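Student: Below is one structure. I have some questions about it.
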Amino acid sequence: MADGQDLNTRFSGPSESPGLLLWRTTMRWQRVMTAALAPLDLTHVQFVLLASAMWLGRDGEPPNQVQLAAQAGTEVKMTSDVVARLEAKGLIAREADPRDSRAKVIRVTSAGAAAAQRAIVAVEAADAAFFEPVDEARLVGLLRQLAGEIR
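Right, here's the structure in full:
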C-alpha cells in the first residue's frame with residue numbers, strides 16, 4: 002500500500018473487525034493453554050486429541066483415527082502424527098481395528114488417563130481465569146453457533 006491510501010474496509014478500525022478480534026483472542030488463549038500444559042509435557046493439540054480419545058472411548062468402544070480427527074476438528078494426517086507422539090510417550094496405544102484392517106483404534110493407557118485428568122484440571126483452571134471477564138454461558142452459546150456440530 003502506498004503512503005496516503007486508505008484501506009477499503011467497512012470497519013473504522015481494527016478493534017471493530019470480528020475476524021481480527023477472534024484471531025487475537027485465539028492467539029492469546031493459545032498462549033494461556035501452552036503455559037498451562039507445558040509443566041505436563043503436553044502440547045495443546047496433544048491434550049485435545051488425548052482428551053477427545055478418552056471422551057470417545059468412554060463407553061468402552063475406542064475411536065479410530067478418523068473418528069478422533071473428526072471429534073477434534075483436526076486433519077487426519079496431522080492427527081496420525083500427533084497420535085504417534087502420544088503413543089511414544091506411552092499415553093495411548095494404537096491397535097488394529099477389528100472391523101477395518103486398514104484402520105487403527107486408539108486406546109488411552111492408564112498413564113494417558115492420569116495425564117489427561119491432570120491436564121483437564123489445568124486447562125479448566127486456565128479457561129476459568131481467561132473467560133472470567135465475560136458471561137461464559139452466553140459466550141458458549143455464541144461459539145456453538147460458529148463452531149459447527151460437535152459430538
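Every position in the sequence shown, counted from 1, becomes a number in my numbering once 1 is added. Beta carbons are placed, not taken as given, at the ideal position from N, Cα and C, and that holds for glycine. If you're wondering where the values come from, they're calculated on a predicted model, not measured in any experiment.
#1: The beta strand (DSSP E) that contains ALA97, what's its start and end?
#2: Would you call MET34 buried or exposed, if buried means 16 or more other Cβ atoms sit within 10 Å of its Cβ?
#3: Am I right that GLN68 and SER81 are in contact with their C-beta atoms under 8 Å? What's the rounded C-beta distance?
#4: Locate the beta strand (DSSP E) running through VAL106, then write down its first and last residues.
#5: With distances taken Cα to Cα, identify the nearest neighbour of ALA39 among THR27, PRO134, PHE131, ALA116.
#6: Just tell me which of ILE107, ALA126, PRO134 has its CA closest to the CA of ARG59.
#7: Within 10 angstroms of its Cβ, does PRO134 collect 16 or more other Cβ (buried), or is it exposed?
#8: With 16 other CB atoms within 10 Å as the buried threshold, where does GLY74 fall?
#9: Quick one: is MET2 buried, meaning 16 or more other Cβ sit within 10 Å of its Cβ, or exposed?
#10: Going by DSSP, name the residue or residues bridged to ASN65.
#11: Grab the span of the alpha helix (DSSP H) containing LYS78 for me, first residue to last.
Tutor: Taking the geometry as given:
#1: 93-98
#2: buried
#3: In fact, because the Cβ distance is near 13 Å, the residues do not count as touching under 8 Å.
#4: 101-109
#5: ALA116
#6: ILE107
#7: exposed
#8: exposed
#9: Note on MET2: pLDDT 49, under 50, position unreliable in the model; the coordinate value appears next. Exposed, because fewer than 16 other Cβ atoms sit within 10 Å of the Cβ of MET2.
#10: VAL106
#11: 77-89
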